[in-house]
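Q:
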Amino acid sequence: MRHVRPDRGRPRARRSAVSTVAGVVGEALITVGALLGLFVVWQLWWTDVQGAREQAEVLQSMGWEVPTDEAVEVRRDEPPVAEQPAVGDVFGQLFVPRWDDAVIPLAQGTDKRTILDKAMAGHYPETAMPGAVGNFSLAAHRMTYGAPFHRVEELEVGDPLVVRSDDTWYVYRVAEGFVVQPHQVEVIAPVPGEPGVEPTQRFLTLTTCHPIGLNSLQERFIVHAELDYWLPVADGLPPDLVGHVPDELVAAPPEAAEGADGPAPAGRAGARAVDTVTGPTNGGR
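So the working numbering is basically just the index in the sequence shown, starting at one, shifted up by 1.
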């Protein structure tokens, strides 16, 4: 009796087709994963390198040197108010000893591309200027593009936050830090948290995204500080900055400056920008 062998060609062909499709899908997933990995490297590493370089260029172009001598006395009377700059102009510097002596350029406005992505802190134009009664409020990235406010949670009550204009030091003290939702714009009100109330004190507010990670847009980390004292730059270095100024910003001693053409001008280095942010901005990415 002759037996008819079943035709196994079709199942084999079917399995071959399935294997081919699975292989193509697997390769596609590997490619997508590699591209996502490269994007993460670019987003978290390369933008930091780029931001740090642009920040250094801004600080250098300002030409502001820091006095070498400590001021003999500080002042707690009414301070001068920094001049209101045009949107996009660089008008000051923020010194943060707690962050390994960080120095951050300050620009008018919170435009992402021309200010925040250059590792600068942006001033909300609708808030007070340094020295004025009210709430001088700043935004900056916490991740990527130099991440100027990356270590915001490390600030402690009493820490100095030193703002410099072209001719005045303003030394604020950290009062509190906390987390809010993005819609809670009252944190930058003239009296923080109390919109509509007439201010009588001089505040500084830092705003940035929270937490660190892929969900950094969910919340905002806020730091409030209050003005402690001020002094003219010509009077010397604030006591809170002694030993906390990067070498590249320290003025050369008089004997080293002999024969030079004089100090570099305190110019403005910011780009022009159109500011569209009216509340605590996305400074986390």
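Even for Gly, the Cβ is constructed at its ideal location relative to N, Cα and C.
As the structure is a prediction and not an experimental result, all values here were calculated from the model.
What's the gap between the Cα of Ala72 and the Cα of Asn216?
A: Each residue's alpha carbon lies about 44 Å from the other.
Q: Could you tell me the alpha carbon to alpha carbon distance between Gly93 and Gln182, rounded to whole angstroms?
A: 28 Å
Q: Pull up the distance between the alpha-carbon of Thr115 and that of Gly89, whole angstroms please.
A: Thr115 and Gly89 have their C-alpha atoms some 8 Å from each other.
Q: Ser138 lies in the beta strand (DSSP E); which residues open and close that run?
A: Gly135 to Ala140
Q: Return helix, strand or coil for Gly93, following the three-state DSSP convention.
A: strand
Q: Could you say which of Val234, Pro81 and Thr209 lies nearest to His225 if we only look at CA atoms?
A: The residue with the shortest Cα to Cα distance from His225 is Thr209.
Q: Which same chain residues end up closer than 6 Å to Leu236 when comparing Cβ atoms and leaving out the 5 residues on each side of it in sequence?
A: Residue identity differs from the one stated: residue 236 is Asp in this sequence, not Leu. So the list reads Ala72, once near-sequence residues are dropped.
Q: Straight-line CA distance for Leu36 to Gly197?
A: No answer about Leu36 holds up, because its pLDDT of 45 lies below 50 and its placement is not dependable.
Q: Please classify Gly159: does DSSP put it in a helix, a strand, or coil?
A: coil
Q: For the 8 Å Cβ check, are there 3 or more pairs between the stretch 155-163 and the stretch 188-196?
A: no
Q: From the DSSP output, in three-state form, read off Arg54 for me.
A: helix
Q: Could you pull out every residue in the same chain whose Cβ sits closer than 8 Å to the Cβ of Phe179, ignoring the five residues on either side in sequence?
A: Phe222 and Ile223
Q: Would you call the CB atoms of Pro81 and Val172 closer than 9 Å?
A: No, the Cβ-Cβ distance between Pro81 and Val172 is not below 9 Å.
Q: Can you tell me whether Pro233 is buried or exposed, with buried defined as 16 or more other CB within 10 angstroms of its CB?
A: Answer is exposed; the Cβ neighbour count stays below 16.
Q: Does the distance from the C-beta atom of Ala252 to that of Glu66 stay below 9 Å?
A: yes
Q: Measure from the alpha carbon of Glu97 to the alpha carbon of each residue in Val163, Thr206 and Met121, then state which is nearest.
A: The sequence as given places Val at residue 97; Glu does not occur at that position. Of the listed residues, the one whose Cα sits closest to Val97 is Val163.
Q: Check for me: the beta strand (DSSP E) holding Arg143 runs from which residue to which?
A: Unbroken run through Arg143: none, as it is neither H nor E.
Q: Is Met121 near Ala133, with beta carbons less than 9 Å apart?
A: no
Q: Cutting at 6 Å between CB atoms, please list the residues of its own chain near Gly214, excluding the five before and the five after it.
A: none
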